[in-house]
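Asks:
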Amino acid sequence: MKKIGLFITIFVILLLSVLFYFLRGTNLNRFGAEHYYIQITTDGESEVTVLDNGEKMERFSYQLPAYNDKGDVKEMTFTSHKNLRRDAYLQLFYKESKGVTSYEEVQEDAIPEKALKQLKK
């Protein structure tokens, strides 16, 4: 009986180690998120926060229409640690419960046709 318990314990530890190894560089904020696409058309609105140690932290806030692969629109609000490049296309990762959880810049040819058509209007 002790051998079975030891085997199960070792197996669980190995399984968790393998999972940790493969997920260590993964952005979990993207799992289960809907994809929306936007084009940066304005500079972000600067928001400065003063931390407890007196250090200032600047973030840039954006509120823009975003389109999914069906061409449906949704007004999105998100922040960035830097002012994003104008005319850049972004893929937003959106969760109903949390809002925009992540984003990445994409090339125009990576945007679904219906979303791109709406962005070009």
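In terms of UniProt numbering, the sequence shown opens at residue 1 and continues consecutively.
Positions of the beta carbon are idealized from the N, C-alpha and C atoms, including for glycine.
#1: Tell me which same chain residues have a C-beta within less than 6 Å of the C-beta of Glu45, skipping the five on either side of it?
#2: What is the residue span of the alpha helix (DSSP H) that Ala115 lies within?
#3: DSSP state of Lys74, grouped into three classes?
#4: Considering just the uninterrupted stretch of the beta strand (DSSP E) at His35, what are its terminal residues?
#5: With three or more beta-carbon pairs closer than 8 Å as the criterion, would you say the region 49-63 touches the region 73-83?
#6: Just the C-alpha distance for Tyr103 and Tyr89, rounded to the nearest angstrom, thanks.
#7: Cα-Cα, which of Gly32, Leu6 and Ile10 is closest to Glu96?
#8: If you follow the beta strand (DSSP E) that Lys95 is part of, which residue opens it and which one closes it?
Replies: Let's see:
#1: Counting from one through the sequence shown, the residue named residue 45 turns up at place 45. Close CB contacts of Glu45 within its chain, under the 6 Å cut and outside five residues either way in sequence, are with Ser61 (chain order).
#2: Working through the sequence shown from its first residue, we reach residue 115 at position 115. In this chain, the alpha helix (DSSP H) harbouring Ala115 covers Glu113 to Lys120.
#3: As a first step, residue 74 must be located in the sequence shown, where it is residue number 74. In the three-state scheme derived from DSSP, where H, G and I count as helix and E and B as strand, Lys74 is classed as strand.
#4: On the sequence shown, position 35 is the one that residue 35 refers to. That run of the beta strand (DSSP E) goes Glu34 to Gln39.
#5: In this structure the region 49-63 touches the region 73-83; the number of beta carbon pairs closer than 8 Å is three or more.
#6: Taking the sequence shown and counting its residues from 1, the one referred to as residue 103 is at position 103. Taking the sequence shown and counting its residues from 1, the one referred to as residue 89 is at position 89. Rounded to the nearest angstrom, the two C-alpha atoms are 10 Å apart.
#7: What you label residue 96 is simply residue 96 of the sequence shown in a count that begins at 1. Measuring from the Cα of Glu96, the nearest candidate turns out to be Gly32.
#8: The residue labelled residue 95 in the question sits at position 95 within the sequence shown. The continuous beta strand (DSSP E) containing Lys95 extends over residues Tyr89 to Lys95.
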